[in-house]
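Student: Input: one structure, supplied below.
Residue numbers (full-length UniProt numbering): 1 to 135.
This is how it looks when you write it as structure tokens:
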């Protein structure tokens with residue numbers, strides 16, 4: 001199979017070009033997507049027999065990635081120290097919120113983001129960031 005046979009459906013997903021599900025009396029179907037953090041280059045794709053009683057073909061991929069040789073892991077140096085957080089104040093903070101006004105959005109995701117923003121603002125104000133060595 002050529003690499004070109006894999007067509008991209010979105011920026012970071014590839015649709016498998018062949019049928020990968022075979023059931024006894026059904027028409028074979030192609031339901032598998034390959035998701036990746038970044039665009040991946042598929043060098044080789046092999047289809048292997050299903051494992052056990054599965055009706056899904058095993059798809060073997062060989063890819064190449066352009067990864068940086070070293071990763072920055074400075075984010076691991078600091079973290080929030082929740083042991084000193086005053087959770088009674090957090091409860092009072094949320095009791096005092098006018099929830100009818102705060103959650104007026106129709107979309108559940110907007111409501112969740114509103115709640116999460118309020119929570120993160122409070123945690124940012126009341127929880128100290130510490131070096132991991134001091135925990």
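Yeah, the Cβ is synthetic: ideal placement off N, Cα and C, and Gly gets one too.
Nearest CA to the CA of residue 41: which residue from 123, 62 and 132?
Tutor: Here the question's residue 41 lines up with position 41 in the chain shown. Comparing Cα-Cα distances from residue 41 to each of 123, 62 and 132, the minimum goes to 62.
Student: Report the partner residues of residue 78 according to the DSSP bridge assignment.
Tutor: As a first step, residue 78 is located in the chain shown; it is residue number 78 there, counting from the start. Note: residue 78 sits in a beta bridge opposite 131.
Student: Verify whether the separation of the beta carbon atoms of residue 60 and residue 72 is less than 8 Å.
Tutor: The residue labelled residue 60 in the question sits at position 60 within the chain shown. The residue labelled residue 72 in the question sits at position 72 within the chain shown. No, Cβ-Cβ distance for residue 60 and residue 72 is not below 8 Å.
Student: Which residues does DSSP list as the beta-bridge partners of residue 123?
Tutor: Sequence index remark: in the chain shown, residue 123 carries index 123 (1-based). According to DSSP, residue 123 bridges with nothing at all.
Student: What first and last residue would you give for the alpha helix (DSSP H) that runs through residue 90?
Tutor: Taking the chain shown and counting its residues from 1, one reaches residue 90 at position 90. Where residue 90 is concerned, the enclosing alpha helix (DSSP H) stretches over 87-95.
Student: Go to residue 101, then tell me how far its beta strand (DSSP E) extends in each direction, as first and last residue.
Tutor: As a working note, residue 101 is residue 101 in the chain shown. Here residue 101 belongs to no beta strand (DSSP E); instead the alpha helix (DSSP H) covers 99-102.
Student: Applying the criterion that 16 or more other CB atoms from any shown protein chain within 10 Å of the CB defines a buried residue, is residue 57 buried or exposed?
Tutor: Working through the chain shown from its first residue, we reach residue 57 at position 57. Buried is the call here.
Student: Tell me, which residues are paired with residue 45 by DSSP?
Tutor: Reading the chain shown from its first residue, position 45 is the one you call residue 45. DSSP output for residue 45 lists 61 as bridge partner(s).
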